[in-house]
Amino acid sequence: MIELASDRLPALIRWLPTGAPGPAVVGEHVLGTGIGHWWADRADRPRAIAVSCAGYAVLRGTPDALTPEALAPLAHHYIDAPARFLPTLHSAFDRLTPWERMVWTLQDEPHPTPTPRGLTVRRLGPRDTRALAALDSDAAWIHAAWGGPAGLASSGHGWAAVDRAGDLLAVASTHFRGTRYEDVSVFTRPDHRRLHLGLACVTALCADITARGHRPSWNCSTLNRASRLLAWTAGFRLVREYVHHAAGSPIRNGLPTPGGRPSGKSTAAQGAC
Numbered sequence: 001m002i003e004l005a006s007d008r009l010p011a012l013i014r015w016l017p018t019g020a021p022g023p024a025v026v027g028e029h030v031l032g033t034g035i036g037h038w039w040a041d042r043a044d045r046p047r048a049i050a051v052s053c054a055g056y057a058v059l060r061g062t063p064d065a066l067t068p069e070a071l072a073p074l075a076h077h078y079i080d081a082p083a084r085f086l087p088t089l090h091s092a093f094d095r096l097t098p099w100e101r102m103v104w105t106l107q108d109e110p111h112p113t114p115t116p117r118g119l120t121v122r123r124l125g126p127r128d129t130r131a132l133a134a135l136d137s138d139a140a141w142i143h144a145a146w147g148g149p150a151g152l153a154s155s156g157h158g159w160a161a162v163d164r165a166g167d168l169l170a171v172a173s174t175h176f177r178g179t180r181y182e183d184v185s186v187f188t189r190p191d192h193r194r195l196h197l198g199l200a201c202v203t204a205l206c207a208d209i210t211a212r213g214h215r216p217s218w219n220c221s222t223l224n225r226a227s228r229l230l231a232w233t234a235g236f237r238l239v240r241e242y243v244h245h246a247a248g249s250p251i252r253n254g255l256p257t258p259g260g261r262p263s264g265k266s267t268a269a270q271g272a273c
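Below is the structure:
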């Protein structure tokens, strides 16, 4: 697949699901922020397109337009695609692992979340860039969809529990911003979990999303019990389930090329708060 120039994108959004919670927000986020990549089998009258951001990809069109080699840019991504693409995807990567997912939307009031003494829950700002960058390396996924710590800090779409020294103990952010839904993610430092700091940040973020006229959504693995519990406690309720696939290394000339595991983290994966 080839990467498309930005002036082609508005006409191609019709290929992708829009205005819905779940994978639809990936394409809308990339179109709205310019962070991510658009791919197609050809520049003129494409027959298959994909959009990718922060290790996630949404693939649509007809698989007949694609060779296994053409899908190489989607290696190490979590791919949402109709079932008709699965034979081509299986032939393109050395492994393709299905992952059952759950989509939730905010439908109820959150449980009360008193903030512990000495901490403040507030919106992130540019001054928090260094503190975001200083989080454990396992937390890098929280700002990946905004292009890094500076992008999230200045986006206006993040909230954090902050101590008196200015350290971030928990962060909740809009991971992908859609036209109607904003997908919520949260990370709490391991040494400050079970204090409901993640819940306090999610509650503040959801109020902010609602004030913008959008609806908060939540996307997590069916196996992530901590994330499911946090979603329920924050007032989210399940609306549907789906499956996306974790792609491995691309296969070229019948052999896999070197590579790592998919680079994305499941949205709200670090929900053990």
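Per the UniProt record's numbering, residue 1 is the first one in the sequence shown, and the count goes up by one each step.
Backbone N, C-alpha and C define an ideal beta-carbon position, used for all residues, glycine too.
The structure presented is a predicted model; accordingly, all values stated were derived computationally and were not measured.
Within the segment 79-145, the beta strand (DSSP E) runs of at least 3 residues that lie entirely inside it are, in chain order, 96-106 and 120-123.
About 4 Å separates the Cβ atoms of S173 and G158, confirming a contact at the 8 Å cut-off.
In the DSSP assignment, T188 falls outside any alpha helix (DSSP H) and lies within the beta strand (DSSP E) extending over Y181 to T188. In terms of Cα proximity to A20, the closest of C220, G198, T179 and Y242 is T179. DSSP places G61 within a strand segment (E or B) once states are collapsed to three. Taking R240 as reference, the option from W39, P250, P82 and S217 with the minimal CA-CA separation is S217. The closest CA to that of T105, considering only G198, R42, L4 and S185, is found on S185.
Residue environment: P116 is assigned as exposed (fewer than 16 neighbouring CB atoms within 10 Å of its CB, all protein chains considered). Counting C-beta pairs closer than 8 Å gives three or more between the segment 67-84 and the segment 48-56, which meets the contact rule.
When only Cα atoms are considered, L86 and G27 end up about 20 Å apart. Around the beta carbon of G36, a 10 Å sphere encloses 16 or more other beta carbons of the protein chains shown; the residue is thus reported as buried.
When the five nearest sequence neighbours on each side are left out, the beta carbons in the same chain lying within less than 8 Å of the beta carbon of L135 are those of I142, L168, V171, F187 and R189, in order along the chain. For T174, the secondary structure class from DSSP, reduced to helix, strand or coil, is strand. In this structure, A57 lies away from H175, with their beta-carbon atoms at least 9 Å apart.
Within the same chain, Cβ atoms closer than 6 Å to the Cβ of T88 are found at P63 and L66, the five residues on either side in sequence being excluded. Under the DSSP assignment, L238 falls in the beta strand (DSSP E) whose first and last residues are F236 to A247.
A153 sits away from C201, with the two beta carbons spaced by 9 Å or more. The C-alpha of D138 lies about 12 Å from the C-alpha of A144. P216 carries a strand assignment under DSSP once its states are collapsed to helix, strand and coil. For W38, the enclosing beta strand (DSSP E) has its first and last residue at H37 to A40. For W232, the enclosing alpha helix (DSSP H) stretches over residues R225 to T233. By the Cβ rule, the segment 121-128 does not count as touching the segment 236-252, because fewer than three pairs are nearer than 8 Å.
With a threshold of 16 other beta carbon atoms within 10 Å, S227 meets it and is buried. For I209, the enclosing alpha helix (DSSP H) begins and ends at L197 to A211. Per DSSP, A48 is one residue of the beta strand (DSSP E) stretching across A48 to C53.
If you compare the alpha carbons of A43, G147, D44 and M102 with that of G34, the shortest gap goes to G147.
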